[in-house]
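FYI, the numbering for the sequence shown is 677 to 1066, going by this note's numbering. One structure below.
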Amino acid sequence: MNFDDYEQLPTTSVSTNMTAGAIAGVMEHCVMYPLDSVKTRMQSLSHMRVHDTIMTTYRDMIKTEGLLRPFRGMGAVVAGAGPAHAFYFGAYEYSKEFLGTLQIKNEINYVISATLATLIHDAISIPADVVKQRLQMYNSPYRSIVHCAKNVYRTEGIAAFYRSYSTQLVMNLPYSAIHFSTYEFFQSLLNNDNKYNPKAHMIAGAMAGAAAAALTTPLDVCKTLLNTQEDGAGKTKGLVSACRKIYHIAGFTGFFKGMQARVLYQMPATAICWSTYEFFKYMLSRTKKSIDSSVIDENKFTKELRYVLPVASSVSVSAEASLTTTAPPLSTTTSLPSSTTTTTTSSTPSCQTKQQRELPAMSGAGIYGAMSYNTMHSNDTAQFTHLRRN
677 MNFDDYEQLP
687 TTSVSTNMTA
697 GAIAGVMEHC
707 VMYPLDSVKT
717 RMQSLSHMRV
727 HDTIMTTYRD
737 MIKTEGLLRP
747 FRGMGAVVAG
757 AGPAHAFYFG
767 AYEYSKEFLG
777 TLQIKNEINY
787 VISATLATLI
797 HDAISIPADV
807 VKQRLQMYNS
817 PYRSIVHCAK
827 NVYRTEGIAA
837 FYRSYSTQLV
847 MNLPYSAIHF
857 STYEFFQSLL
867 NNDNKYNPKA
877 HMIAGAMAGA
887 AAAALTTPLD
897 VCKTLLNTQE
907 DGAGKTKGLV
917 SACRKIYHIA
927 GFTGFFKGMQ
937 ARVLYQMPAT
947 AICWSTYEFF
957 KYMLSRTKKS
967 IDSSVIDENK
977 FTKELRYVLP
987 VASSVSVSAE
997 ASLTTTAPPL
1007 STTTSLPSST
1017 TTTTTSSTPS
1027 CQTKQQRELP
1037 AMSGAGIYGA
1047 MSYNTMHSND
1057 TAQFTHLRRN
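Written out as structure tokens, the structure is:
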């Protein structure tokens, strides 16, 4: 793999960015999903008064609810993360390239692009996030993803899937701004040449995820309460209501419950996400470049391919010369304004060797046919040899 070709690749393809982003999103959430379940469990109201750690929470989940309990709800993530991350990275790359043509400063460009990408991403991902977190809660009454979605829709309506949308935007807008700005900052330090560098992508992604996750943890705690509605369906209706309830139950420290799990989840998750995204963007762009190059080379070969007829025999040249000598001379009468003298000139064309005539390019079948024709009728040249001797 030639990493030096990364700069010359056509990375502005929207389809390439969306495909790479979808794969990266699914990989990110699936690999680190058990830790995400631990984070959600630590942020629930039932654990606000208990000094649980990541290991104790994970051990209790397996001990009391089974080995596969930390993986419950992963199907909802796969269904939501794929399209959400496809539009997330596609919108970010497209917006960043477009704003770059307007000569906007990079820092402002990254923030605006991340904001637009977040608006699209959250609108797609939040219904799946609601189902996922309700399945992750302790003593969840839902049997499956479909059962959870149907039950929530029947009892609370479609608004239940978007109850935390404003809170998630308030959280994810600064999250994405911090995330992308930090990623681009470390990219400029570790990968200033903007080449495909897996190590730089992973380090920059991990640092970006850690910084963004730590600073937005309080809003994530509020979002969890709005999605799960642990205190009763419909009782917590907005960000202000969630903040008051969390502060009343656990105090100021309650807003930072699960921060360690969230940071430990986001660091490897974003490292996997960015490295996977850059890898598939590189491979897809490289494949597209190879296809485009082969098409260009084929067109160039077709344009340069020309065929000529063999040089005409001397007998045809002699025949044309005899015809021109017997033709009457051409007369040209020229009237001069200064005199009435009439000048008559005779022009006799001289015999010149005829130039080879160029034919247009032919397909493979045409080439084969022409070769076969010359081979099959090569004996016909004997009559021309006989004429020359006479």
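Beta carbons: idealized from backbone N, C-alpha and C, even for Gly.
DSSP state of residue i, grouped into three classes?
i	result
Y941	helix
Q812	helix
R1033	Residue placement at R1033 is poorly supported in this model, since its pLDDT is 49, which falls under 50; the coordinates are not used for a value here.
L744	coil
Y872	coil
F679	Below a pLDDT of 50, predicted positions are generally treated as unreliable, and F679, at 35, falls in that range; the measurement from the model is reported next regardless. Correct three-state label for F679: helix.
Q863	helix
E704	helix
T777	coil
A804	helix
K933	coil
R819	coil
Are the CB atoms of residue j and residue i within a distance shorter than 8 Å?
i	j	result
Y851	A880	no
S713	E906	no
A882	I854	no
P803	F837	yes
E704	A945	yes
M636	S951	Only positions 677 to 1066 of the chain appear in the structure, and residue 636 is not among them; the question remains open.
S816	L792	no
C949	A767	no
Q942	G885	yes
K875	L901	no
K957	T692	yes
Return the residue from the list the options that minimises the CA-CA distance to residue i.
i	options	result
F856	N870, S789, E906	S789
S722	C949, E954, T904	T904
G934	Y818, G697, T729	T729
F928	L901, L811, Y734, P894	P894
D896	M694, R717, C706	R717
K899	K871, T843, I784	T843
V939	S961, M708, T695	M708
V690	F774, A755, K715	F774
G914	M750, K715, L845	L845
I834	Y814, V806, M813	V806
K715	F932, L960, T963, R962	F932
T794	L849, Y818, T777, V754	L849
A752	A696, V702, I925, N827	V702
E1067	K911, Y734, I780, T892	In the structure displayed, the chain extends from 677 to 1066; residue 1067 sits before or after that span and is not available.
V754	G697, R735, V787, E741	G697
D736	M750, K808, Q863, P710	P710
Y814	F862, T740, S840	T740
Would you mind sorting residue i into buried or exposed? The rule is 16 or more other CB atoms within 10 Å of its CB.
i	result
R830	exposed
Y923	exposed
L811	buried
Y1044	Model confidence at Y1044 stands at a pLDDT of 41, short of 50, so the residue's coordinates are unreliable; what they give is reported in the following sentence. Y1044 comes out exposed.
G776	exposed
N785	buried
V916	exposed
K826	exposed
When you measure from the CB of residue i to every non-hydrogen atom of the ligand HEM, does any distance come out below 7 Å?
i	result
N903	Here there are no bound small molecules, and the ligand HEM is not part of this structure.
Any 3 or more C-beta pairs closer than 8 Å across the segment 756-773 and the segment 798-815: yes
Stretch-stretch touch, CB-based, cutoff 8 Å, three pairs: the segment 734-747 with the segment 817-831: no
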